[in-house]
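J.: Each residue of the sequence shown is one higher than the one before, counting from 199 in our numbering.
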Amino acid sequence: MHTDVKALFENLWQNYLSVTPSTKKVHELLGSSQQDDVINDHIALRTFNLPKVSLEKLAAHFLALGYKECGEYHFEAKKLYAKHFEHADSTLPKVFISELLLEQCSPSLKATIESLVAQIPEEAVTADNFLYSGTHWQVDRATYESLLAESEYAAWVAAWGYRANHFTVSVNYLQNFSSLEQVNEALKTAGFLLNTSGGEIKGTPEVYLEQSSTLADIVPVAFSDGDAHIPSCFYEFARRYTLPNGALYTGFVAASADKIFESTNAR
Ligand code: OOG
Ligand code: NI
Numbered sequence: 199m200h201t202d203v204k205a206l207f208e209n210l211w212q213n214y215l216s217v218t219p220s221t222k223k224v225h226e227l228l229g230s231s232q233q234d235d236v237i238n239d240h241i242a243l244r245t246f247n248l249p250k251v252s253l254e255k256l257a258a259h260f261l262a263l264g265y266k267e268c269g270e271y272h273f274e275a276k277k278l279y280a281k282h283f284e285h286a287d288s289t290l291p292k293v294f295i296s297e298l299l300l301e302q303c304s305p306s307l308k309a310t311i312e313s314l315v316a317q318i319p320e321e322a323v324t325a326d327n328f329l330y331s332g333t334h335w336q337v338d339r340a341t342y343e344s345l346l347a348e349s350e351y352a353a354w355v356a357a358w359g360y361r362a363n364h365f366t367v368s369v370n371y372l373q374n375f376s377s378l379e380q381v382n383e384a385l386k387t388a389g390f391l392l393n394t395s396g397g398e399i400k401g402t403p404e405v406y407l408e409q410s411s412t413l414a415d416i417v418p419v420a421f422s423d424g425d426a427h428i429p430s431c432f433y434e435f436a437r438r439y440t441l442p443n444g445a446l447y448t449g450f451v452a453a454s455a456d457k458i459f460e461s462t463n464a465r
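(1) Taking residue 456 as part of the alpha helix (DSSP H), name the residues at either end of that continuous run.
(2) Which of the three DSSP states, helix, strand or coil, is assigned to residue 374?
(3) Taking the continuous alpha helix (DSSP H) assigned at residue 225, which residues delimit it?
(4) Which residues have their C-beta within less than 6 Å of a heavy atom of the ligand NI, listed in chain order?
(5) Using only CA atoms, which one of 230, 228, 242 and 339 lies nearest to residue 483?
(6) Give the list of continuous alpha helix (DSSP H) stretches no shorter than 4 residues that lie fully inside the segment 359-412.
(7) Which residues share a DSSP beta bridge with residue 475?
(8) In the structure shown, what three-state DSSP assignment does residue 318 receive?
(9) Evaluate residue 465 with the Cβ neighbour count: other Cβ atoms within 10 Å of its Cβ, from every protein chain shown; 16 or more gives buried, anything less gives exposed.
(10) Who are residue 416's beta bridge partners in DSSP?
(11) Specify the secondary structure class of residue 309 as computed by DSSP and reduced to three states.
(12) What is the DSSP secondary structure of residue 208, reduced to helix, strand or coil?
(13) If residue 283 and residue 257 are in contact, beta carbons under 8 Å, what's the gap, nearest whole angstrom?
(14) Run the CB neighbour count on residue 424, radius 10 Å, all protein chains shown included, and call it buried at 16 or more, exposed below.
(15) Secondary structure at residue 351, three-state DSSP: helix, strand or coil?
(16) Please name the residue in 335, 412 and 407 whose C-alpha comes closest to that of residue 422.
(17) Using 10 angstroms around the beta-carbon of residue 235, count the other beta-carbons present and answer buried if the total reaches 16, otherwise exposed.
(18) Under a Cβ-count criterion, where at least 16 other Cβ atoms within 10 Å of its own Cβ denotes burial, should residue 409 be classed as buried or exposed?
(19) Looking only at its chain, what residues have a beta carbon closer than 6 Å to the beta carbon of residue 355, apart from the 5 residues adjacent to it on each side?
(20) Is any heavy atom in the ligand OOG found nearer than 7 Å to the beta carbon of residue 244?
(21) Check residue 285 in the structure and name its three-state DSSP category.
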């Protein structure tokens with residue numbers, strides 16, 4: 199486990215950049231015209247509910263750094279369960295971790311995933327670098343396709359393994375944009391494709407959170423039987439609103455999150 203929270207996020211960021219080339223351009227578009235770097239609202243990680251690599255195993259890395267569990271979310275149709283974590287230092291990104299509930303999946307998907315996870319050495323899961331260690335297995339194209347037919351989420355984790363699937367710009371702290379609409383327009387003008395599932399903007403001021411995201415980059419991945427181009431990671435944009443008590447809302451909105459997951463769908 200990391201003892202240095204800044205080093206953990208820096209490693210997660212570099213690993214995310216390495217498979218998400220558009221991130222650099224988005225970061226420049228939003229951040230280059232301001233003095234301070236962009237503030238990250240949150241990152242997200244994905245896994246399976248097998249004991250070796252469950253949500254709780256990933257969360258342990260953050261709990262050891264002072265993060266606290268703050269909310270839980272159910273996604274019935276996608277067969278996912280998630281929790282979010284926050285740090286007392288509110289300048290640190292929140293963390294959203296989900297897991298695929300394998301007992302609700304087909305026996306064949308479950309068996310495939312069990313065979314991949316079995317290849318992870320037990321000690322790898324608690325190592326400093328686990329959260330940005332990628333895959334610990336090889337999959338062939340046909341296996342990826344058959345996972346994809348049942349669960350886009352399962353296929354994504356099989357292809358990309360352990361890494362942040364997105365970072366999220368906090369629109370509240372951007373100096374040159376005051377709304378999510380403005381951010382979206384700038385992105386579209388620069389040629390980025392947005393996730394339109396559930397509309398370009400998910401959520402409203404009434405639920406204290408508005409979110410939008412790019413569609414994941416399409417980049418080469420090395421399957422055991424050759425390279426292919428598939429969706430990797432994406433960038434999200436979040437604007438939070440103040441609660442009646444005057445504090446910024448810090449939770450997530452399940453109905454919006456349900457659509458954000460689709461940012462890694464094939465175009
Ligand atoms: C997480 C999707 C949910 C949010 O901000 O609501 C999410 C994922 O795609 O793994 O990040
Ligand atoms: Ni997110």
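Here a beta-carbon is modelled for each residue, glycine too, at the ideal position from N, C-alpha and C.
T.: Taking the definition as stated:
(1) 452-458
(2) The answer is coil: DSSP assigns residue 374 none of H, G, I, E or B.
(3) 220-229
(4) Here the residues come out as 240, 242, 294, 364, 366, 434 and 458.
(5) As displayed, the chain neither begins before 199 nor continues past 465, which places residue 483 out of reach and without an answer.
(6) Counting only runs of 4 or more, we get 378-387.
(7) Lying before the first or after the last residue shown, residue 475 is absent from the chain, which here runs from 199 to 465.
(8) coil
(9) exposed
(10) 429
(11) helix
(12) helix
(13) 6 Å
(14) exposed
(15) helix
(16) 335
(17) Exposed: under 16 other Cβ atoms inside 10 Å.
(18) buried
(19) 244
(20) yes
(21) Collapsing the DSSP output to three states places residue 285 in coil.
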